[in-house]
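S.K.:
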Amino acid sequence: MTPDPVPASEGAPAGAPRPGGLGELAGRTVSRVGYGAMQLERLRDDRGAAVALLRHAIDLGVDHVDTAQFYGNGFVNDIIREALRPQDDVLIVSKVGAVSDPGGPRALRLAQRPEELRAGVEENLATLGLEQVPVVNLRRMDAGITIPVTDDQVIDLDDQLASLIALRDEGKIGAIGLSSVTADVLRRALPAGIVCVQNDYSIVARDDEDVLRLCEAEQIAWMPYFPLGGAFSWRAKVTDEPAVIAAAEHLGCTPAQVGLAWLLHHSPRTLLIPGTADTRHLEANLAAGAITFDEKTLAALDEIPTRPVHRPDH
Numbered sequence: 001m002t003p004d005p006v007p008a009s010e011g012a013p014a015g016a017p018r019p020g021g022l023g024e025l026a027g028r029t030v031s032r033v034g035y036g037a038m039q040l041e042r043l044r045d046d047r048g049a050a051v052a053l054l055r056h057a058i059d060l061g062v063d064h065v066d067t068a069q070f071y072g073n074g075f076v077n078d079i080i081r082e083a084l085r086p087q088d089d090v091l092i093v094s095k096v097g098a099v100s101d102p103g104g105p106r107a108l109r110l111a112q113r114p115e116e117l118r119a120g121v122e123e124n125l126a127t128l129g130l131e132q133v134p135v136v137n138l139r140r141m142d143a144g145i146t147i148p149v150t151d152d153q154v155i156d157l158d159d160q161l162a163s164l165i166a167l168r169d170e171g172k173i174g175a176i177g178l179s180s181v182t183a184d185v186l187r188r189a190l191p192a193g194i195v196c197v198q199n200d201y202s203i204v205a206r207d208d209e210d211v212l213r214l215c216e217a218e219q220i221a222w223m224p225y226f227p228l229g230g231a232f233s234w235r236a237k238v239t240d241e242p243a244v245i246a247a248a249e250h251l252g253c254t255p256a257q258v259g260l261a262w263l264l265h266h267s268p269r270t271l272l273i274p275g276t277a278d279t280r281h282l283e284a285n286l287a288a289g290a291i292t293f294d295e296k297t298l299a300a301l302d303e304i305p306t307r308p309v310h311r312p313d314h
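In this text, residue positions in the sequence shown follow full-length UniProt numbering: the first is 1, and each later residue adds one.
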């Protein structure tokens, strides 16, 4: 299940594989399987292990990493700064639109105003130790799992994009992406030059198929978060699906690997950013990029319906 090595280019270590094959992000050739850094926070008490895990990902061909200043209230960005070397040439994707809120009613609070977006970029630059963040996603609240929005955080998209475009013009960010948006919001944002979209999406949560198809039409990278569903007890899990379990048994891999591989097969614009704090899970996630499906297995997976969300009342 391990991908075959291919010639290195644009940041992949010499002789490293390209997990999942070749994809495109912000005008660069990247591996289709990257790394989502959020779960590095679980290694807060073992900083050395966190650094080693990220280094191992790079050694295995990961060349794009998803992060945010609010992951671990700066801890994750700090680990990335320590672990990565300039010669790694890893493309870092961060996000703004929320901030850590230690001691608050929730771990995060929204920060959607233009001045808050600018402050978020400045914080990312400081904690990552960069002069420019290659890609910054605007984390909206239009779709997926969202934080309750207060009136002062209902901000017009155009005002937000104007702030990010100014930061791009200043050289503080390289490119603009979006997260948790509808197709209508993405369509409105296209003139800003959107390079990627991160939405809640998996084989059991395909309500945003229209957003994916728009990304395909506009050649925008599609980077699903919660790629295995779950995440909360009230959400369906990809790994519980009988068709996924059957496919894993047939292929000699894990149900999680089937769920990740299906996403790559479902759209050529998909780039994966699965996260983990465990070395074995990291290796399994990257190996999922080499899994292929026969027509019968793929058809059975395609027939899995979107599962309804039974979110408890608040």
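Backbone N, C-alpha and C define an ideal beta-carbon position, used for all residues, glycine too.
1. According to DSSP, is Val6 helix, strand or coil?
2. In three-state DSSP terms, what is Leu267?
3. With C-beta atoms as the reference, is Leu214 less than 8 Å away from Arg187?
4. Which residues does DSSP list as the beta-bridge partners of Asp200?
5. Since Lys296 is in the alpha helix (DSSP H), which residue starts that stretch and which ends it?
6. Ignoring anything shorter than 4 residues, give me the alpha helix (DSSP H) runs that lie fully in the region 165-201, in order along the chain.
7. On a CA-only basis, which of Pro191, Pro227, Leu190, Pro19 is nearest Asp208? Give me that one, please.
8. If we count the other Cβ atoms within 10 Å of its Cβ and call it buried at 16 or more, is Trp234 buried or exposed?
9. Are Ser180 and Arg139 closer than 8 Å when you measure CB to CB?
10. With distances taken Cα to Cα, identify the nearest neighbour of Glu116 among Pro242, Val154, Leu271.
11. Using the Cβ count rule (16 or more neighbours within 10 Å means buried), how would you classify Asp151?
12. Short of 6 Å in beta carbon distance, which residues of its chain neighbour Pro38, apart from the five on each side in sequence? Order them along the chain.
13. Do Gly103 and Leu264 come within 8 Å of each other at the CB atom, strictly closer than that value?
14. Is the Cβ-Cβ distance between Val65 and Gly34 less than 8 Å?
M.R.: According to the data block:
1. Per-residue confidence for Val6 stands at a pLDDT of 32, beneath the threshold of 50, marking its modelled position as unreliable; the derived number appears in the next sentence. Three-state DSSP puts Val6 in coil, outside helix and strand.
2. The amino acid at residue 267 is misidentified as Leu; the sequence shows Ser. Here Ser267 sits in coil by DSSP.
3. yes
4. Tyr225
5. 295-302
6. 183-189
7. Pro227
8. Result: exposed.
9. yes
10. Val154
11. exposed
12. It should be noted that the sequence gives Met, not Pro, for residue 38. So the qualifying residues of the chain are Tyr71, Gly275.
13. Cβ distance not < 8 Å, so Leu264 and Gly103 don't count as in contact.
14. yes
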